[in-house]
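J.:
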Amino acid sequence: MRWRRALVALVLVALAVAAGAALARSAGDPARQDPVRAVSAGLRCPACQGESVADSRSPIAAAMRQVVADQLAQGRNGTEIRRWFVQRYGADVLTDPPARGVRLLLWGVPVLALLAGGYAALRTLRPGAARTGSAAPWTPDARRAWRVASAGVVALVASVAITADLLDPPARPAPADPVAVALQLARDLETQDRYDAAAQMYQEALRDRPDDAVRLRLAFALLRAGDGAAAQRTARDVLAREPDSPDGLLVLGLAQRNSRSVEAGDTLRHFLAVAPAHPAAAEIRRLLATGREPAGP
683 MRWRRALVAL VLVALAVAAG AALARSAGDP ARQDPVRAVS AGLRCPACQG ESVADSRSPI
743 AAAMRQVVAD QLAQGRNGTE IRRWFVQRYG ADVLTDPPAR GVRLLLWGVP VLALLAGGYA
803 ALRTLRPGAA RTGSAAPWTP DARRAWRVAS AGVVALVASV AITADLLDPP ARPAPADPVA
863 VALQLARDLE TQDRYDAAAQ MYQEALRDRP DDAVRLRLAF ALLRAGDGAA AQRTARDVLA
923 REPDSPDGLL VLGLAQRNSR SVEAGDTLRH FLAVAPAHPA AAEIRRLLAT GREPAGP
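No gaps in the numbering here: position 45 of the sequence shown is 727 in the working numbering, and each next residue is one more.
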């Protein structure tokens, strides 16, 4: 019995040492000292291969870190912030997506196996074992039963693992199309009146997907950020391919007006002729009639 007590004591000491080491690592972990990094480490960068938002140097990751910082400043915790990202980009935006589908069985099988093993152990004890602390002798039938039960549990776990991999492969794709993520981030930044950052996200999206609709969003963001010259260049780029683009004419005319260009009136009148029912048409008419600045496109 002494060797059993010594073994138990050794196990307890090992567990205590491991717990102490874990606490020491946690205390010295920079992620725990930096809440932005701690949350960002759980998010996958859509523009990188296998990098977290905390480690990536891409502009998209930088914008996502800023979103994390903003939401932490608003009082949200890590769980709420991760849920916010999942709602926009799906569960694969997480570096460790939750188990789902058939793979959930891999969590339940070990628990069931432990319960079954405990029940079998109780069945092998003598009726008076609870009082005397002595175990029943291992008869050939008992040994055979344990071998069969152990083999059955191993086979069950293996079959569940194989089935889960076949029916629900543990693939880890990118959380979302990087362009879609950049555009969503840009729109979120615009709602916060952070037009410089939004323009950077639109430019990031344009690198991978040259599209006039994105160029127009970029032009509006640049205009609202006060960079009228860049807004005019972007709008003219669109108008070179589509001379009667209503939004292209609108942002160009407003940018020209902000720079006091004599062409502003003609551009805005061209806009009204092309799109008289545009949502901004009424305000542009008042602008041309009274000379007042519009509230914005």
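Glycine included, each C-beta is placed from N, C-alpha and C at the ideal position.
With respect to 7 Å, is the separation between the Cβ of P961 and the closest non-hydrogen atom of the ligand GDP below this value?
T.: With respect to the ligand GDP, the structure offers nothing, as it holds no ligand at all.
J.: Who pairs with S734 in a beta bridge, going by DSSP?
T.: Paired residues: R726.
J.: What does the alpha-carbon distance come out to for the pair L661 and F902?
T.: Outside the shown range of the chain (683 to 979) lies residue 661, about which nothing can therefore be said.
J.: Considering Cα atoms alone, identify which of L921, R726, A911 is closest to Q938.
T.: A911
J.: Which residues bound the alpha helix (DSSP H) around T972?
T.: 963–972
J.: Just list the residues that DSSP pairs L934 with in beta bridges.
T.: Note: L934 sits in no beta bridge, so no partner.
J.: If we count the other Cβ atoms within 10 Å of its Cβ and call it buried at 16 or more, is A755 buried or exposed?
T.: Its Cβ having fewer than 16 others within 10 Å, A755 is exposed.
J.: Could you check if A737 is buried or exposed, using at least 16 other CB atoms within 10 Å of its CB as the buried criterion?
T.: The identity of residue 737 in the sequence shown is Asp, whereas the question assumes Ala. It is exposed - the Cβ of D737 has fewer than 16 other Cβ atoms within 10 Å.
J.: Using a threshold of 8 Å, state whether the C-beta atoms of V721 and G760 are closer than that.
T.: Contact: yes.
J.: How long is the line joining the alpha carbons of I763 and L900, rounded to whole angstroms?
T.: 27 Å
J.: What are the boundary residues of the alpha helix (DSSP H) that includes A907?
T.: In this chain, A907 is not harboured by any alpha helix (DSSP H), its DSSP state being neither H nor E.
J.: Roughly how far, in whole angstroms, is the beta-carbon of Q914 from the beta-carbon of L934, given that I think they are within contact range, below 8 Å?
T.: Correct: roughly 6 Å between the Cβ atoms.
J.: Just tell me which of A723, T916, I966, P728 has its CA closest to the CA of V863.
T.: Proximity to V863 across A723, T916, I966, P728 peaks at P728, based on C-alpha coordinates.
J.: With a CB to CB cut of under 7 Å and the five nearest residues on each side skipped, what residues in its chain are close to R747?
T.: V718, S722, V735
J.: Just to confirm my understanding: we take R923, look at its own chain, exclude 5 residues before and 5 after, and list those with CB closer than 7 Å. What are they?
T.: D894
J.: In or out: Q885 buried (at least 16 other Cβ within 10 Å) or exposed?
T.: buried
J.: Within the same chain, show all residues whose beta-carbon is closer than 7 Å to that of R813, passing over the 5 residues directly before and after it, in chain order.
T.: Here the model assigns R813 a pLDDT of 46, short of 50, so the residue's position is not dependable, and the following value carries that caveat. Nothing meets the Cβ criterion.
J.: Here's a check: name, in chain order, each residue in its chain whose Cβ is nearer than 6 Å to the Cβ of A887, leaving out the five neighbours to either side.
T.: V861, A864, L865, V896
J.: If you draw a straight line from the C-alpha of S941 to the C-alpha of S740, how long is it?
T.: 33 Å
J.: In angstroms, rounded to a whole number, what distance separates the CA positions of G772 and L969?
T.: Whole-angstrom Cα-Cα distance: 43 Å.
J.: Give me the residue from G732, V920, E733, L931 with the minimum Cα distance to E945.
T.: L931
J.: Could you compute how far the alpha carbon of R918 sits from the alpha carbon of R770?
T.: 32 Å
J.: In the DSSP assignment, the alpha helix (DSSP H) including A946 goes from what residue to what residue?
T.: 946–956
J.: Please list the segments of the alpha helix (DSSP H) lying wholly inside the stretch 858–908, counting only runs of 4 or more residues, in order along the chain.
T.: You should have 860–873, 877–890, 894–906.
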